[in-house]
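In mature numbering (1 follows the signal peptide of the UniProt record, and there is no 0), the protein residues as written are -34 to -1, 1 to 457.
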C-alpha cells in the first residue's frame, strides 16, 4: 500500500482537524438528513471510493461471517433489504443468508459481520445524506459510519466502522434490484447439491440433497426468485427402518397424473454409503409439492441417483450401483409401473475412459434427455470429491435400452470445469424447459474452488443450452458465478 496515495486513519484525521481549525471551524459529527429507503425493495450498496459492492464474503451463511466488499455482480449475496426498526433506524438483511448486518463492538475498525436478527442497537443503522445521492450508514450503538477500511479498493476488502467523516469510503450508493427484469444470477440455490428443477403451471420447483431426514422443495414464479424462496418439507423420512436419513438426489417426474419423487436414503450411521437405497414417493395429485405418501423401496442393495427413462411408451429405472467389478456404474431396468422394477438390471455405462477416472473411477447420476426423436442420457463422471467431476453423454443408437450394445458413449466430456470462470466439478444435472417452451435449460451443481468437496457447499446453477447439428446438446462452458444471465423465455 502507498501511504501517500491512501493516508492512514490517524494522518487523515489530523489533516482534517488542522484544515478545519485554520478555517476557524469546529469539527462536529455531520447530521443525518432525510435520506429515504423502501422496505419492500432489495438494494445493492456500492461504495463511492472503491466502486465495489457490500458483499457476504465467500457466500457465507453462518453467524459471525465477514461482510466485505467485492466487484458488483448483483447476486443475492450483494442484495440487502432494509427492515424498519422505528424512529429512522433500520436493519439490513441479506437476501442470500437471511442474516442482518452487525457490528459486534463500538471500536474503530471492528469487522462488519452478519448475525441472526436480534433488532438491537448493534444491528441498527440510520441513513445520513452525502453528495450526489450517496448515503452514510451510521450505527446506533457506536454512532460511527460504515466504511471501506483504510480506503481499500480490493476485492475482499474489509468493511468496518469509523467516526463519521463523510469521506468517499464512507459513502454508499443504494441501487434498487432487480437491476433489470428478466435476469438472474447463479447460484440459484446456495448449499444445493444434486438439484432437480421443473417448471410446472406457472412456477419453478426445485429439490436438492438435504443430507438429513427430510425431503424439501422450494418454488418461485421466476428463476431468480428461487434464490430466496423458502424450502418446505414435503416428506419426513424419520422412523423408516432403512431410509430414515442422509437424503440425496431427489427427482420428481409427472407420470399418469401423479408426481413420483425418487430419492436415495439410508440409515443414520457414520459410514452411510453401505446403507443407501433407492426409494419413491407418490403425490396425491398434480401439485409437485404434494402431499406425498411413501410408495416403495426400489431395491435392497447399495444404490443412488434414481431417474426414469421413457422409450417407446415404456418406463425404465436408471440408477447407479457398484460391486460387479466394473466400478461405480450406471444401470437400467424395466419398470412395470413407476414404483415396480422388473426383470434383470443391466449395466449400460461404466468408467472406462481416462476422463471418467479422475480422482476416482465413477459413472453416476444418469439423466434422460430427448430431442427430435433422439434418446440420450447425460451422466456424471469422475469423483464428485475432486475438481474434475463432469458430464458425459450416451446416445441410444439401437432400439433396446436394455442392450448395452445399443448405447454409444461420446468419447469426450460434454460439460466440465472452467478455470477461467472459476467453476469446478460441474455435474449431477437435470433439464427443464423455459416457461414458453422455446428454450432448453440445464440445472447442475458445482463448486467455487478446486478444493471444494462432495458436500453441502455445492451450489445449484442453471443456464440455457443449444443443440449441435447432429442433434446432441451443446452445453457450452459453465457460467461464472454471479454473472447476470437472461432469464428463461416467457417469464
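A virtual CB, placed ideally from N, CA and C, is assigned to each residue, including glycine.
Element boundaries [beta strand (DSSP E), containing residue i]
i, result
"residue 452", "450 to 452"
"residue 426", "425 to 433"
"residue 10", "8 to 13"
"residue 164", "162 to 166"
"residue 351", "Looking at the DSSP string, residue 351 is not in any beta strand (DSSP E), and its letter there is neither H nor E."
"residue 333", "329 to 337"
"residue 276", "270 to 277"
"residue 258", "258 to 263"
"residue 60", "55 to 60"
"residue 284", "280 to 287"
"residue 397", "390 to 399"
"residue 149", "149 to 151"
"residue 140", "138 to 142"
"residue 374", "373 to 375"
"residue 100", "Looking at the DSSP string, residue 100 is not in any beta strand (DSSP E), and its letter there is neither H nor E."
"residue 111", "111 to 114"
"residue 248", "243 to 249"
"residue 170", "169 to 173"
"residue 412", "406 to 413"
Cβ neighbour criterion (16 or more within 10 Å) applied to residue i
i, result
"residue 21", "buried"
"residue 38", "buried"
"residue -2", "Residue placement at residue -2 is flagged as unreliable, the pLDDT there being 40, under the threshold of 50; a coordinate-derived value is accordingly withheld."
"residue 66", "buried"
"residue 280", "exposed"
"residue 179", "buried"
"residue 175", "buried"
"residue 336", "exposed"
"residue 159", "buried"
"residue -4", "Reliability fails at residue -4, whose pLDDT of 36 lies under 50, so the model's placement of it is uncertain and the value that follows must be treated cautiously. By the neighbour-count rule (16 or more Cβ atoms within 10 Å), residue -4 is not buried but exposed."
"residue 188", "buried"
"residue 428", "buried"
"residue 82", "exposed"
"residue -11", "Caution applies to residue -11, whose pLDDT of 35 falls short of 50 and renders its modelled position unreliable; the model cannot decide the point."
"residue 404", "exposed"
"residue 424", "buried"
"residue 392", "buried"
"residue 199", "exposed"
"residue 140", "buried"
"residue 220", "exposed"
"residue 320", "exposed"
"residue 426", "buried"
"residue 48", "buried"
"residue -33", "Here residue -33 scores only 29 on pLDDT, less than 50, and its place in the model should not be relied on; the value that follows carries that caveat. Counting Cβ neighbours within 10 Å, residue -33 comes out exposed, since fewer than 16 surround it."
Cut-off 8 Å between Cβ atoms - residues of its own chain near residue i, not counting five sequence neighbours on either side
i, result
"residue 15", "114, 117, 119, 133, 134, 135 and 137"
"residue 171", "163, 164, 165, 183, 184, 185, 218, 254 and 255"
"residue 251", "223 and 224"
"residue 306", "262"
"residue 264", "228, 243, 244, 245, 246, 272, 283, 285, 305 and 307"
"residue 145", "With a pLDDT of 48 at residue 145, under the threshold of 50, the modelled position of that residue is not reliable, and no figure is offered here."
"residue 122", "23, 34, 35 and 36"
"residue 90", "51, 55, 56, 57, 105, 106 and 107"
Opposing strand residues paired with residue i [DSSP bridges]
i, result
"residue 218", "227"
"residue 308", "300"
"residue 180", "202"
"residue 132", "Residue 132 pairs with nothing; no bridge assigned."
"residue 52", "55"
"residue 46", "9 and 60"
"residue 126", "113"
"residue 342", "335 and 361"
"residue 253", "Beta-bridge pairing links residue 253 to no other residue."
"residue 232", "211"
Chain B contact for residue i (CB, 7 Å cutoff)
i, result
"residue 84", "The question asks about chain B, but that chain is absent: this structure has only one protein chain."
Residue i beta carbon near the ligand ADP (any heavy atom closer than 6 Å)
i, result
"residue 112", "Judged by which ligands are present, the structure shown has none, so any question about the ligand ADP falls away."
Sequence-distant residues of its chain with Cβ nearer than 6 Å to residue i (five each side left out)
i, result
"residue 349", "325, 326 and 328"
"residue -6", "Because residue -6 carries a pLDDT of 34, less than 50, the predicted location of this residue cannot be relied on, and the following value inherits that uncertainty. Same-chain partners within the cutoff: 130."
"residue 111", "102, 104, 130 and 136"
Beta-carbon proximity list for residue i, same chain, < 7 Å, skipping 5 on both sides
i, result
"residue 166", "254"
"residue 240", "268"
"residue 440", "431, 432, 433 and 434"
"residue 323", "317 and 348"
"residue 442", "431"
"residue 108", "69, 72 and 127"
"residue 208", "232, 233, 241 and 243"
"residue 258", "200, 201, 227, 247, 248 and 249"
| Does the segment 374 to 392 touch the segment 357 to 365, meaning 3 or more C-beta pairs lie closer than 8 Å? | Contact check between the segment 357 to 365 and the segment 374 to 392: three or more CB pairs, one atom from each, fall below 8 Å, which counts as touching.
| query | Between the segment 301 to 310 and the segment 271 to 286, are three or more C-beta pairs nearer than 8 Å? | reply | Touching, yes, given that three or more Cβ pairs across the two stretches are closer than 8 Å.
| request: Say whether the segment 385 to 395 touches the segment 366 to 374, bearing in mind that this needs 3 or more beta-carbon pairs closer than 8 Å, one atom from each stretch. | output: They do not touch, by the three-pair rule.
| request: May I ask you to verify whether the segment 146 to 156 touches the segment 446 to 456, counting CB pairs closer than 8 Å and requiring at least 3? | output: Counting Cβ pairs under 8 Å, three or more are found: they touch.
| field | Stretch-stretch touch, CB-based, cutoff 8 Å, three pairs: the segment 1 to 10 with the segment 24 to 37 | value | Contact between the segment 1 to 10 and the segment 24 to 37 is absent, because fewer than three Cβ pairs lie under 8 Å.
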